[in-house]
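Shown next, in structure tokens, is the structure this report addresses.
Number of protein chains: 2
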Amino acid sequence: MSGSLHAAQALLPGGWAAEVRLRWDAAGRLTEVRPGVAADPADERAPGPLLPGIANLHAHAFQRLLAGLTEYRADEGGDDSFWSWRALMYRHAARIDPAALEAIATWLYVEMLEAGYTTVCEFHYLHNAPDGRPYADDGAMARALLRAARRAGIAITLLPVLYQQGGFGARPTGPGQARFLRGTAALLRLFESLRAEAAAQGARCGIAPHSLRAVGPAALREVLAGVAAIDAHAPIHIHIAEQRAEVEDCRAWSGQRPLAWLLDHAEVDARWCLVHATHLDADEIRRGAASGAVAGLCPTTEANLGDGLFDLPAWSAAGGRWGIGSDSQVTVDAAQELLWLEYGQRLASGRRNVAATTQQPQVAAHLVQQAVAGGAQASGRAAAGIAVGQQADLVALDAGHPALAGLAPDAMLASHLFASSRRSALAEVRVGGRRLVHGGRHALHDAAAAAFIACRRRLLAAA
Amino acid sequence: MSGSLHAAQALLPGGWAAEVRLRWDAAGRLTEVRPGVAADPADERAPGPLLPGIANLHAHAFQRLLAGLTEYRADEGGDDSFWSWRALMYRHAARIDPAALEAIATWLYVEMLEAGYTTVCEFHYLHNAPDGRPYADDGAMARALLRAARRAGIAITLLPVLYQQGGFGARPTGPGQARFLRGTAALLRLFESLRAEAAAQGARCGIAPHSLRAVGPAALREVLAGVAAIDAHAPIHIHIAEQRAEVEDCRAWSGQRPLAWLLDHAEVDARWCLVHATHLDADEIRRGAASGAVAGLCPTTEANLGDGLFDLPAWSAAGGRWGIGSDSQVTVDAAQELLWLEYGQRLASGRRNVAATTQQPQVAAHLVQQAVAGGAQASGRAAAGIAVGQQADLVALDAGHPALAGLAPDAMLASHLFASSRRSALAEVRVGGRRLVHGGRHALHDAAAAAFIACRRRLLAAA
């Protein structure tokens, strides 16, 4: 539905503008962005500074079930790491069927919208039934995600995952991985069938070779060629260099680090999202940044799992693009991801305002603009900020929030990111102009939470 | 007022207990903690798992004014650090008078209570008028803090600060430091006069030599002797080894690192709180832990200022005690401090659940218990957990919160710390049995926020 909105302050691609009037068409695309004009009586009014919505470029919806359930030392020897977490994650994953996935994802997407994400990229690998056999409809789980996104109103880029081996050099998969497996031809068929269904709700499809651990060279070539033949612009996402052990295993297998290997064996370009990219050497940073790919940073998950810190200054200096994702869903909050990204850099460097630049000394505005641009590119959606031709994916802050009231817009945004603690200052969130969050709450909040709680209770009781 | 409360689950010093009945006397002290009994009809009922309140062991209330206002690159050369932040902090501090401090602190203490802190330790150095001269009542600023604590209902340990020099080796102070200066005899007189006033509201007083930068050896000896003569148990807090440059300056001055120097020149014992203690060598860790002092960790401020990471595993292995503080107030949330403490360790080590132990594999419960014990010791208050003889400083989680509902108490607590994102799961907070926060909100929330906003607006307009 077309509409119009007036904001006293809005963060446009060129910076803050005052008295901004927006109009969008029935498809939710902005047709007018005009600063310096009074509101029309028919305009809705933004309750505070208006920001572009951010795409969450990396999510595994089902992992919302695990959040808070893995924060204990499972191994008496104290050898707790990403890898012991993964074993717990497999165990929880085993119990989720399409109905459960829909309940979990619907609540998660409501949470995402309330937290300022207007698009979600689903890196979806829970394909098969718990016994490892495909469902009669082999897209049953993927379709549950599309339904959840439709109900919550979030824009989605669905990325069915290719997962074929248990480690570098075609190691066999373990029992926990049986739900993830797909032949390359079957995955391409799934991609094609989901594309049509996704298009009907304005969604996008891409593909995701899980990692170089899980996809061998021949399958990688085959799936990339297959996808390009169907959609030359389809987003391509891959987990890369998240853990040091993964880097070592890749070197043992190929003699190269993961990103170096990938850059030598695939045409990595602006379609690509390099998820995590935590452990890169200087050459990988230079070449990765130059490829035009987006680094998919997931700072709260990477902290929770002890992955390590991405070298943002080096990546940025090389011209690299990046965006943010909630990954394991232990934190679902765009502002917190940006806070963690910046604070990690401060801890590593002993300096402040690391992500700021001479052109944009305001670190919060810089972080938001970069995450919006990178997220739009990685999702393959026209959601790259408040500009004509882009989706009207909009977030309005609450100008009356105690951490924000009376401040200039840059300070309001900085307070939203850095100084609002547990009380989010997000007031309204729109996707394609449609207001989904009002007064900080999504209309489905209570119903979706209740369904999620009932689902979790059932799944944990069966554990 | 005496009272009683029944909780389905409560975290006692020995771990979780079910069906716990608490009673407290008119002084707010617990007189009964009885697990395994049904509620009496007269008991209030906790809305979820009951936790001990945490003392915030390091706060500069006035810095709440700055939160969100320093997140930009002030220096075009990009040389932004703790030291450039300090220059901004001095500028803001210059405008605060007693009425402004009371408005800022009242709101801050409301926020602290809503965030699970039941005691605040005020490291108070803003003594003089903006022109550097003492107020007619030279405790005018300190008394504003006591009034703010009384209005909000938070327990307070007030620590007037000794600040006499601009750097190691008696470097002269700069103009930004004129409000902090105090002669040693004058500080001891202030300490004595505040003690009586504090006792009337159940508050505690201690003293704080600001740092080895700001207090020379003779003054340190003198103030420690003077305080001990008045109150042999008074808490003693000091900033130590926060920044690498401070460590280097101390070595240049004395040939020793700051904590090593302090341990050689003062009787550091259980009265002491070593604030930050970020940069310690192995010998300082061993000796500091053995002293019985509490390490005063402020993880969100230490990240915001790029201070660095405390070595929690080494300190804990040496038997060291610790607690948490909100320091610069950029984040006011006990759970987030604990999250940051743990996540920092995970990033440094590449492992998970770093703070957990063989005896207490649940990392969230372990973090809360340690912070409660360390905070109680550093504040000099009987608030060391839910046990007879301790203050009834209690926090109840919301068992119906979507991140918690239906989980076992350990998982609820872990979800509260790690997986509740922007929606705090704190439902009720009591100090000395008195319920101050209900449904997540303090009764003064709106009025205190409005006064804070008006005060900030006035101060920034005068800038």
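Those protein sequence lines, which keep their order, are chains A and B. Just so we're aligned, residue 0 is where the first sequence starts under numbering that gives the first Met the number 0, counting upward by one. Just so we're aligned, residue 0 is where the second sequence starts under numbering that gives the first Met the number 0, counting upward by one. Every residue gets a Cβ at the ideal spot worked out from N, C-alpha and C, and that includes glycine.
| query | result |
| --- | --- |
| Decide yes or no for the touch test of the region 357-375 of chain A against the region 88-108 of chain A: beta carbon pairs closer than 8 Å, at least 3 of them. | no |
| For Met411 (chain A), does the count of other Cβ atoms within 10 angstroms reach 16, so buried, or fall short, so exposed? | buried |
| Which residues in the same chain as Ala313 (chain A) place their Cβ atom closer than 6 Å to its Cβ, once the five residues preceding and following it in sequence are excluded? | Ile284 |
| In the DSSP assignment, find the alpha helix (DSSP H) that holds Thr118 (chain B) and state where it starts and stops. | Here Thr118 (chain B) belongs to no alpha helix (DSSP H); instead the beta strand (DSSP E) covers Tyr116 to His123. |
| Is Asn55 (chain A) close to chain B? Criterion is C-beta to C-beta, closer than 9 Å. | no |
| At the 9 Å Cβ level, is Asp280 (chain B) part of the contact set with chain A, yes or no? | no |
| Under 7 Å, CB to CB, which of the residues in the region 285-319 of chain A have a partner in chain B? | Ala302, Asn303, Leu304, Gly305, Gly307 and Leu308 |
| State the start and end residues of the unbroken beta strand (DSSP E) segment that holds His5 (chain B). | Gly2 to Leu11 |
| Can you give me the C-alpha to C-alpha distance between Trp260 (chain A) and Ser253 (chain A), rounded to a whole angstrom? | 8 Å |
| Which complete beta strand (DSSP E) runs does the region 62-150 of chain B hold, if anything under 3 residues is left out? | 116-123 |
| Pro171 (chain A) by DSSP, collapsed to three states: which one? | coil |
| Identify every run of the beta strand (DSSP E) within the region 274-354 of chain B, keeping only runs that are complete inside it and at least 3 residues long; order them along the chain. | 293-296 and 320-323 |
| Would you give the residue range spanned by the beta strand (DSSP E) that Gly14 (chain B) belongs to? | Gly14 to Trp23 |
| What is the DSSP secondary structure of His400 (chain A), reduced to helix, strand or coil? | coil |
| Assuming Pro234 (chain A) and Leu296 (chain A) form a contact by the criterion Cβ under 8 Å, report the distance between their Cβ atoms to the nearest whole angstrom. | Incorrect: roughly 16 Å between the Cβ atoms, too far for contact. |
| Quick one, are the C-beta atoms of Leu64 (chain B) and Ile385 (chain B) less than 9 Å apart? | no |
| Judging by CA-CA distance, which residue of A:Leu425, A:Ser420, A:Leu458 and A:Cys454 is the nearest neighbour of Ala114 (chain B)? | A:Ser420 |
| Is the CB of Gln361 (chain B) under 9 Å away from at least one CB in chain A? | yes |
| Mind pulling the chain B residues with CB within less than 8 Å of Arg345 (chain A)? | Ala302, Asn303, Leu304 and Gly305 |
| Using 9 Å as the limit for Cβ to Cβ distance, is Gly165 (chain A) near chain B? | no |
| Suppose you measure from the CA of Gly53 (chain B) to the CA of Cys249 (chain B); what does that come to, to the nearest Å? | Checking the sequence, you will find Ile at residue 53 (chain B) rather than Gly. Each residue's alpha carbon lies about 33 Å from the other. |
| Going along chain B in order, which residues have a C-beta closer than 8 Å to the C-beta of Gln335 (chain A)? | Ser420 and Arg421 |
| Thr299 (chain B) and Glu341 (chain B) look like a contact to me (Cβ under 8 Å); what is the Cβ gap, rounded to whole Å? | Their Cβ separation, rounded to whole angstroms, is 13 Å, which puts Thr299 (chain B) and Glu341 (chain B) out of contact at 8 Å. |
| If you drop the 5 nearest sequence neighbours on each side, which residues of the same chain put their C-beta closer than 6 Å to that of Leu10 (chain A)? | Leu50 |
| Within its chain, find whatever has a CB closer than 6 Å to the CB of Leu219 (chain A); leave out the 5 residues flanking it on each side and keep chain order. | Pro208 |
| With a cut-off of 8 Å on the beta carbons, I'd call Glu191 (chain B) and Ile229 (chain B) a contact; round off their distance for me. | 6 Å |
| Rounding to the nearest angstrom, what Cα-Cα distance links Glu221 (chain A) and Arg85 (chain A) in this structure? | 28 Å |
| At a CB distance below 7 Å, what residues from the region 425-450 of chain A approach chain B? Give them in sequence order. | Ala448 |
| Could you work out which residue in A:Thr356, A:Pro40 and A:Ala102 is closest to Gly2 (chain A) when comparing CA atoms only? | A:Pro40 |
| Give the interface partners of Asn127 (chain A) over in chain B, defined as CB-CB distance under 9 Å, in chain order. | Those within 9 Å of Asn127 (chain A) in chain B number zero; the least Cβ separation is about 27 Å. |
| Do you know how far the Cα of Leu68 (chain A) is from the Cα of Ala135 (chain B)? | 57 Å |
| Taking Cβ positions, are Arg203 (chain A) and Gly322 (chain A) nearer each other than 9 Å? | no |
| From Gln242 (chain B) to Ala294 (chain B), what distance separates their C-alpha atoms? | 15 Å |
| For Val246 (chain A), which of helix, strand or coil comes out of DSSP? | helix |
| Listed from N- to C-terminal order along the chain, which residues in the region 236-264 of chain B have their beta-carbon within a distance smaller than 7 Å of any beta-carbon of chain A? | Arg243 |
| Spell out whether any CB of chain B is found under 9 Å from the CB atom of Val331 (chain A). | yes |
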